[in-house]
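Only one structure is covered here, and it is reproduced in the block below.
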Amino acid sequence: MIRIASFALGGVLALTCQPAAAEVLRTSPDGFAVTRTETLGVPPAEAWRKLIHIADWWSAEHSWSGDAANFSLDPRAGGCFCEALPDGGSVEHMRIIYAAPGQRLRMTGTLGPLQSESLLGVLTVTLEAAGEGTKLVWTYKVSGVSDIPLEGLAPVVEGVIGEQFDRLATGKP
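Set out below in structure tokens:
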């Protein structure tokens, strides 16, 4: 079950990577923006394939069902980053609004406990060839009206999403 301070999502698995460069870009009472960069040891097409197989790298600790095998991602505009729940239930974590295989994936939605607030979140994952590997950059921007003080959440959200993308990049789910 997702803990109150955790937020779901993330992505890019590979065989080798350089340490991630993380950054809180902006914070305000009404929102925040966070980003992280990873270098993966596979070409962009392979990084994309790994990215869209989210059940292989997203942590079960940041799920509603407690089982990462219940995650799915349909990488096309209108597609869903979803999670199956017991007894036919389901969760839409994010909706895909832009998908360019091997280049960019953009989704809208808020994760974990932010889902119950009046917020808009946009997660963009960009893949770019870097030598024989791939440079992956993800940026998550959240804004709106919330009972949760958003200014202090930026480092927490960056850490949770960053953990997911680290799992993808290192291949150590």
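Note that the sequence shown covers residues -22 to -1, 1 to 151 in mature numbering (1 follows the signal peptide of the UniProt record, and there is no 0).
Even for Gly, the Cβ is constructed at its ideal location relative to N, Cα and C.
Values in this document were obtained by computation on a predicted structure and should not be read as measured data.
DSSP, reduced to helix, strand and coil, places V135 within a helical segment of the structure shown. According to DSSP, W116 shares a beta bridge with R14, V103. Under the three-state reduction of DSSP output, G80 falls in the coil class, being neither helix nor strand. Within the same chain, G87, T88, V120 come within 6 Å of G99 by CB-CB distance, once the 5 residues on both sides are set aside. In the three-state reduction of the DSSP assignment, E1 falls in the strand class, which pools E and B. Per the Cβ contact rule, the region 12 to 22 is not in contact with the region 31 to 51 (fewer than 3 Cβ pairs under 8 Å). Of H40, L3, F10, the smallest CA-CA separation from E141 is found for H40.
DSSP, read as helix, strand or coil, puts T88 in coil. Per DSSP, the continuous alpha helix (DSSP H) segment holding L29 begins and ends at 22 to 30. Note: E129 is not bridge-paired with any residue in the DSSP secondary-structure output.
Distance from P53 to L18 at the Cβ level is roughly 17 Å; contact not present, criterion being Cβ atoms closer than 8 Å.
Residue environment analysis places S124 among the buried positions, since at least 16 neighbouring C-beta atoms fall within 10 angstroms of its C-beta. By the neighbour-count criterion, in which a residue is buried when 16 or more other Cβ atoms sit within 10 angstroms of its Cβ, R145 is buried. One alpha carbon belongs to G130, the other to T5, and they sit about 8 Å apart. A Cβ-Cβ separation of about 11 Å leaves E70 out of contact with W42 under the 8 Å criterion.
Excluding the 5 residues flanking it on each side, T104 has same chain C-beta neighbours closer than 6 Å at R82, V115, in chain order.
Residue pairing of A108 in beta bridges, as defined by DSSP: G111.
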